[in-house]
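Letter 272 of the sequence shown, counting from 1, is numbered 1546 in the working numbering, and no numbers are missing. Think of the CB as a built atom: it goes at the ideal place given N, C-alpha and C, for glycine as much as any other residue. Note that the structure is a prediction, hence the values are computed from the model and not measured.
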Amino acid sequence: MLMANLNMMYAEPLMIKNDSNRLIAGIRVATVLFYLTTPEKGGYTIFTEIKTIAKPTKNDALFWYNLLRSGDGDFRTKHGSCPLLVGEKWISSLWTHERGQEFIRPCALSPLINERYVELFTSSAELQQLINIENKIPKIIENYIILENERLENLKRIILIKYQNNNNNNNNELFQLNSNNILNPLNALNLIKKLTKIWKEIKKEIKSDLAENYLKNISNKRETRFPTEDDLNGAIQGLLRLQDTYKLKTKDLANGILLNNINIKKQMNVKDCYEIGMNAFNEKDYYHSLLWIQEAYERNLYEESPEIDGPNESEILNILSISLYKQGNLKRALEINNKLIKIDPYYPNAINNSKLYEQELKNNGIFEEDFYKNIPLLNNPRWLNETILDKNYLKYEELCRGEVNLDILEISKLYCYYKMDNSFLRLAPIKVEIIHFEPLAVIFRNVISDNEIEILKNLSISKLTRAMVQNPKNGEPIITSTRIGKIAWLLPTENKYIFNLFKRLKLMTNLNMRSAEPLQASNYGIGGHFTAHWDFARDNSTNTTESQKGYTFGSFGTRIATVLFYLTNPEKGGYTIFTESNTLIKPTKNDALFWYNLLRNGDGDFRTKHAACPVLIGEKWVSNSWIHERGQEFIRPCALSPLINERYVGDLGGPEPKKYPNISPYCKEGLYSYIYSLIYKDI
């Protein structure tokens, strides 16, 4: 279980060979192959489709998934066991089946979404693993040089054995052939046979997949994961998101200044700014491309030692003129394009672009003699970017910056109290802070310890996968820029601390945890966020976040309430915001945020639309618990009017705990018997 992170309850018995067909537990999701001996020669395990070999080594185990994340068979896992040449080979196989893996290896409808260690930018936990990789690069290169030298030595051996020795042997008939005796068919056959064999050996060494296999081996080691182009692009998009959300100036970012009192020593050069601008340009985001290409252009005027592989002035001017044109700066675009033509008259499409800009100006009623007169100031309207046409998104950004108009009258109604509404909480009350009424939202203070937090994070790191949302059209989970982060599911049966946390959740919320989903731990990376959404299911959608078909919905109903544990203290940013009620919550480690997603009549409460703001500085870990309707019928009874809702957590009509102790009149049982039942009774 520790090796594969899978539930072994539905694994087949450990055996040398097993032809059983366990339909009740599903098909084999994964295979573990233990090597019990080290064969001297041969006996490799090979994967024919991906051209990979595994040499048996005693005490080791080979592991692979047999199914795609969609549940279909992965035909790339076709494998075989090579015949043994010298020595002895003993192995033991363990096959793990589908049942019980629903949250450990959650389903993805797309076959392209599988276990992979990319998108490092989406998780700060994985970004931290990059810190020591740079020190490993010299050793990686040295090891490859050793392997390459071995290959070259094999080629030298062919020359020595096949040619030098034979040339010194005057009795070798093949080396005494000439244009006459080669016509003898036997001599010809022998020569062809010899040369074919030699050339085959030479080609084998020259065409060796040594480099490719070496790179694969490095990539397959989790501790040596290098970022990919996808990571670079994702990091750039994350930076642009932070720039927009927190109104950061391009020049400040290029100078290494994040905030007034926070900066780094390294400044960006022309190439850095150009790459950011080109990333936006390729995404048709001309607002950001203009910001960053303009910065690259200005820096190019005074940069003394530009990088060899950096952009030249012509490339910068070309992208700058197109970005200006796309953002409506026709005169300035024409001016920049003419500078380009003056520097490089034959630059591709430069002449055609000038004609296009001139024609556009004429169409706007500007005469040719006025093309270069009264060039207006730079105009770069962000509203042209289609991703922010929604006014709600601008409101989301304002709340993330803390731009909230507080209602003093509403704030004066808020209060804190000790939750003591059962016998156990009489001894250990929970601190509750009401942060909003209508809808009710509260913070439970200091309800998870530092030790429990570290356990949750350690259990999650090896399981982190890219977070998805549901496609509103068909309900399928998809990867989208509206949610950037990684998640892991944690079952209450997985660890005693998680089990105890579920028991505590019952005390905190008064709700039945039998219909709760497993804990979901989330870690956010560069610009990681989750735009405004609801947690309850709506029409034409089974869920607004992950689909957990067969468990989350159906007989369990939709999500009645949400608990959000804060596992870290982000230094800047990372707020949880409610866009409809203009409420923001700064994450505070050890605390938990709680709200009801449904009105008392069972309808979704659309006032609970909320979002996770991007983290500007620091690290953000959270853990969600979603609790469903089933089992709450008498704990949170239905009210026919949507106007009747809780004044505090567990409100059943008693006096508010603002003035009276929050002690339930229904706690009639003895204190010690109640504590005993809590310890030994199931959740």
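field: Strand pairing of K1894, partner residues [DSSP]
entry: Y1798
query: So what's V1923 in DSSP terms, helix, strand or just coil?
result: coil
- prompt: Around the C-beta of R1573, are 16 or more other C-beta atoms found within 10 angstroms, so that it is buried, or is it exposed?
  reply: When all chains shown are included, R1573 counts as buried.
task: Return the CA-CA distance between D1505 and D1644, expressed in angstroms with no decimal places.
output: 46 Å
Whole-angstrom distance between K1545 and K1605, CA atom to CA atom: 26 Å
Beta-carbon separation (whole angstroms), N1611 vs S1595, contact threshold 8 Å: 4 Å
- request: Pick helix, strand or coil for E1728, following the three-state DSSP scheme.
  value: Helix.
query: Looking at the structure shown, is S1821 part of a helix, part of a strand, or coil, going by DSSP?
result: Low confidence applies here, because S1821 scores a pLDDT of 37, under 50, leaving its location unreliable and the question unanswered by this model.
message: Here's the rule: buried if 16 or more other CB atoms are within 10 angstroms of the residue's CB, otherwise exposed. What is D1695?
response: Label assigned to D1695: buried.
- prompt: Is it buried or exposed for I1582, if we count other Cβ within 10 angstroms and need 16 for buried?
  reply: That one is exposed.
message: Between the alpha carbons of N1856 and E1677, how many angstroms are there, rounded?
response: 9 Å
- request: Can you say whether A1762 is buried or exposed, counting buried as having 16 or more other CB atoms within 10 angstroms of its CB?
  value: buried
- request: Closer than 6 Å by C-beta to G1831: which residues in its own chain qualify, once you throw out the five before and the five after it? Chain order, please.
  value: Setting aside the 5 residues that flank it on each side, G1831 is surrounded in the same chain by H1902, E1903 and R1904, each with a C-beta closer than 6 Å to its C-beta; the list follows chain order.
message: Under 8 Å, with one C-beta from each stretch per pair, do the stretch 1912-1924 and the stretch 1708-1725 reach the 3-pair mark?
response: yes
- prompt: Does the beta-carbon of R1910 have 16 or more other beta-carbons within 10 angstroms, so that it is buried, or is it exposed?
  reply: Buried, because 16 or more other Cβ atoms sit within 10 Å of the Cβ of R1910.
task: May I ask you to report which of helix, strand or coil DSSP gives W1364?
output: coil
- prompt: If V1837 and S1899 are in contact, beta carbons under 8 Å, what's the gap, nearest whole angstrom?
  reply: 4 Å
- prompt: So which of H1353, V1360 and V1303 has the shortest CA-CA distance to T1370?
  reply: The shortest Cα separation from T1370 among H1353, V1360 and V1303 belongs to V1303.
Beta-bridge pairing of L1358 - partner residues as DSSP gives them: G1316
Contact between the stretch 1627-1643 and the stretch 1843-1853 (3+ Cβ pairs under 8 Å): At 8 Å Cβ cutoff, the stretches do not touch.
Status (buried if at least 16 other CB within 10 Å, exposed otherwise) for F1839: Buried is the label assigned to F1839, since at least 16 other Cβ atoms lie within 10 Å of its Cβ.
query: Which residues in the same chain have their Cβ closer than 6 Å to the Cβ of P1313, if we skip the five residues on either side of it in sequence?
result: P1330, L1358, G1361 and K1363
field: Through-space distance from L1764 to I1419, alpha-carbon basis
entry: 44 Å
query: Can you list the alpha helix (DSSP H) stretches of 4 or more residues lying completely in the stretch 1646-1696, in chain order?
result: Within the stretch 1646-1696, the alpha helix (DSSP H) runs of at least 4 residues that lie entirely inside it are, in chain order, 1665-1674 and 1682-1685.
message: For the pair the stretch 1614-1627 and the stretch 1646-1655, tell me if three or more CB-CB distances fall below 8 Å.
response: no
field: Alpha-carbon spacing of N1543 relative to N1586, whole angstroms
entry: For the pair N1543 and N1586, the Cα-to-Cα distance works out to about 13 Å.
message: Tell me the rounded alpha-carbon separation between L1297 and F1349.
response: Low confidence applies to L1297: its pLDDT is 44, below 50, so where it sits in the model is not reliable enough to give any reading.
Exposure of N1720, with buried meaning 16 or more beta-carbon neighbours within 10 Å: exposed
Whole-angstrom C-beta distance between Q1601 and Y1560, which should lie under 8 Å: 5 Å
- prompt: DSSP three-state call for L1310: helix, strand or coil?
  reply: coil
task: Whole angstroms is fine: what's the gap from H1710's alpha carbon to K1780's?
output: Going from the Cα of H1710 to the Cα of K1780 covers about 22 Å.
field: Sequence-distant residues of the same chain with beta carbon closer than 6 Å to I1937, five excluded per side
entry: M1694
- request: Assuming L1336 and L1307 form a contact by the criterion Cβ under 8 Å, report the distance between their Cβ atoms to the nearest whole angstrom.
  value: 4 Å
task: Would you mind stating whether N1603 and Y1621 have Cβ atoms separated by less than 8 Å?
output: no
query: Hey, would you say K1521 sits closer than 8 Å to R1675, going by beta carbons?
result: yes
message: I need the straight-line Cα distance from S1686 to E1671, nearest angstrom please.
response: 26 Å
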